[in-house]
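Taking it in order: structure first as structure tokens, then the write-up.
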Amino acid sequence: MTRRQLGLGVSTACVAAGLVLAGAGGWLRGPAADAAQRGAAAGGTAARAVAAANAFLGMLSPAERAKAAFPFDSPQRSNWSNLPSGVYVRNSLKLGDLTSAQRDAAMALMAIVLSRDGYQKAVDIMNADEYLKNNPARGRPGGGGRGAERGGATPPALAAAIVPAQNAAAPGAPQRGGGRGGTVFGKDEFFIAILGTPSASAPWMIQFGGHHLALNVTIAGASHALTPSLPAAQPATYTLDGRSIRPLGDENDKGFALINALDAKQQAQAILPSAVTDLVLGAGQDGRTIQPEGLLASAMNAKQQAMLLDLASEWVGILNDEGAAARMAELTSNLAKTYFAWSGPTTPGSVAYYRIQGPTVVIEYAPQKTVDHVHTIYRDPTNDYGARFVKP
Amino acid sequence: MTRGTAIIALLLLTAGLGRPARLDAHRLDEYLQAARIAIEKDRVTIELDLTPGVAVATSVLAAIDRDRDGAISDEEGERYARVVVDGLVLHVDGRRVPLALGARTVPAARDLTEGTGVLRLQASAELPAVSSGRHALFFRNVHRADVGVYLVNALVPADDRIEITRQHRDWLQHEATIEFQVGRSARPHEQLWSALAGLLVAGAVAALSVRRRHPVSKPQVG
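As you go down the protein sequences, you meet chains A and B in turn. Residues in the first sequence are numbered from 82 upward in steps of one, following our numbering. Residues in the second sequence are numbered from 14 upward in steps of one, following our numbering.
Structure representation (structure tokens):
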């Protein structure tokens, strides 16, 4: 047996172990993540990801594979959004159309390419959407949704658009045609695509997302990129099995901690004198670099700089540990040229926007007029979709 | 950045208009209007994304679909785009500069009424050759101020002779003043570093040249 065969055998065994545990424990609760990441520790993440991706693709029928596999340079790479199914068509493979084993394999792949905390964040966002499906009032103005301060009346158009749970597509049922017919929420409405051929060296990409989640992971051997990605949440706080879940809680809390750690002079530079009401570089804004503004990190003390890096790590750290470490090193090396900007009140619990922008990073945190509905974006203007990994 | 790279960057900015616009937010009773301003030495280009929320989309569509047939024709889309662009205000160094409508992407009426349609417009203004030194651009958009929510941001200039030095907006981002500096060949601080680097290289070359002409003799032992 050659070393390559041994390596592949170990990889496959690890993935298989992950699938068994995922099936036994429920893939949304952690066992798949634990098993897959234990396997990841035994070898390079890229090799594990290749094995898991191939295992997943191997379980698909030709028709399913046609929805899941795209060329690396396919326009599918920019086909992501924070919008829900029913108003946005993702053109890839829906988890709700898969068997349990196939879904487990898809999530095992995500558990490998993401960190433990990153995988949990994705799961928490998916569970938030499931909660929203079962508690549609949380998505309406007056129920914690956008526009609550405008009187709380439910716009007739939105009330009609929220599909009651019993009308949601059953697993295996054909997707609603053309994205029409009303908004559909829930953990079944998340999609996966693989762009390019899973490879230990050549670049390939995993695209995973649904309502309030878009993860674009590019892998090129030991080089990994998670940009652009869009983690969002509504509701921003919900209860699951008796526990309070805040998918973007640390992003919120650390942001407020940082702005309040600045002195008056620093705050005067950081706080923009205008209302930033939404993401500037969200979906559809590939390739754009806005003029940075706010407070330069070089004007922060060491503790404040550490807080800034810790805040950025909430996005950077979604990626697997190998990729995240390299990325954090890059951000740290560019820290002096990194800006922190804020818009809105600084009192914790307020609706406030912030942005972190450096030579290789743009992070935005944008509540949608309520703290219960937050959109964020994570970009690298020099390496979105792993542009640097692709040799010309 | 070379001229070729700047041209490529501008083409990429323009090319973005040809792709279907992706809706980033699902607003309800607001009309989000996000402007991005690209400053070049002889031109200003404004890209404006207009996204009506589902609760205001009907009134926006009514302004576009003048024949009330439930569809947006090319002519209707262009007419509305011109109305929007004609309402924009652009001043450079205190003088109003006319904007010309360029490329545009107009969504289907149904996408608009569902709150997922994005109108993407591009408008540009030719500038007289901007001299080296400090300049200021003023931009205002108050289209549908009754329901409008605005964002305006300068893009990092593709031409590295141009440096944005300050952006100031009113609270609601109806208006923005962008101060910028035009250098001769590179940004001023980069010119200084280039000059210092050049001096160091020249000094090193000179030192090597002197050493070759006057090699140090080994001391005689004996």
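Quick reminder that beta carbons are idealized off the backbone N, C-alpha and C, glycines included.
- Linking B/G100 to A/R408 through their CA atoms gives a straight-line distance of about 44 Å.
- Under the criterion of beta carbons closer than 8 Å, A/G290 and A/K214 do not qualify as touching, at roughly 16 Å.
- Among the residues facing chain A, B/G115 is not included, as its CB has no counterpart in that chain under 9 Å away.
- In the structure shown, A/M381 falls within a coil segment according to DSSP collapsed to helix, strand and coil.
- Between B/T129 and A/L311, the C-beta gap is not smaller than 9 Å, which leaves the two residues out of contact.
- Per the DSSP secondary-structure output, A/K175 pairs in a beta bridge with A/F272.
- The stretch 50–64 of chain B and the stretch 115–132 of chain B touch, with three or more beta-carbon pairs separated by less than 8 Å.
- DSSP, read as helix, strand or coil, puts B/E127 in coil.
- Annotation for B/E60: the continuous beta strand (DSSP E) segment containing it runs R56 to P65.
- A/S280 carries a coil assignment under DSSP once its states are collapsed to helix, strand and coil.
- Exposed is the label assigned to A/K384, since fewer than 16 other Cβ atoms lie within 10 Å of its Cβ.
- Using beta-carbon distances, B/L45 counts as an interface residue toward chain A, with a partner under 9 Å.
- Sequence-distant partners of A/G430 (beyond 5 residues in either direction) whose C-beta falls short of 7 Å from its own C-beta, in its chain, are V452.
- Here A/L141 carries a coil assignment [DSSP, helix/strand/coil].
- The alpha-carbon of A/A378 is positioned some 34 Å away from that of B/G107.
- Three or more beta-carbon pairs drawn from the stretch 333–351 of chain A and the stretch 424–442 of chain A are found closer than 8 Å, and the two stretches are therefore classed as touching.
- Nearest C-alpha to A/M381 among A/E445, A/A417, A/V455 and A/R369: A/A417.
- At a C-beta separation below 7 Å, B/Q186 has these neighbours in chain A: S355 and A356.
- Neighbours of B/L168 in chain A, taken as residues at a C-beta separation under 9 Å, are given in chain order as R369, T370, I371 and Q372.
- Below the 9 Å Cβ cutoff, chain B contributes no neighbours of A/Y435, its closest Cβ being approximately 15 Å away.
- Excluding five sequence positions before and after B/H104, the CB atoms of its chain that fall closer than 6 Å to its own CB belong to F151, given in chain order.
- In this chain, the alpha helix (DSSP H) harbouring A/V194 covers S181 to V194.
- Looking from the CA of A/L307, the closest CA among A/R146, A/K202, A/W396 and A/S424 belongs to A/W396.
- Cβ atoms of A/R158 and A/L294 stay farther apart than 8 Å, at about 16 Å.
- Taking all protein chains in view, the Cβ of A/G323 is surrounded by fewer than 16 other Cβ atoms within 10 Å, so the residue is classified as exposed.
- A/I326 carries a strand assignment under DSSP once its states are collapsed to helix, strand and coil.
- DSSP places B/G115 in the uninterrupted beta strand (DSSP E) bounded by A113 to T118.
- In the DSSP assignment, A/A410 falls within the unbroken alpha helix (DSSP H) covering D402 to S414.
- Listed along chain B is no residue with a C-beta nearer than 8 Å to that of A/D453; the closest approach is about 14 Å.
- In the three-state DSSP reduction, A/L164 falls in the coil class, being neither helix nor strand.
- Within chain A, no C-beta atom comes less than 7 Å from the C-beta of B/R174; the nearest is roughly 16 Å away.
- When DSSP states are grouped into helix, strand and coil, A/S431 belongs to the coil group.
- In the same chain as B/T71, and ignoring 5 residues on each side of it, the C-beta atoms closer than 8 Å to its own belong to T126, in chain order.
- Between the alpha carbons of A/S196 and A/D402 lies a gap of roughly 6 Å.
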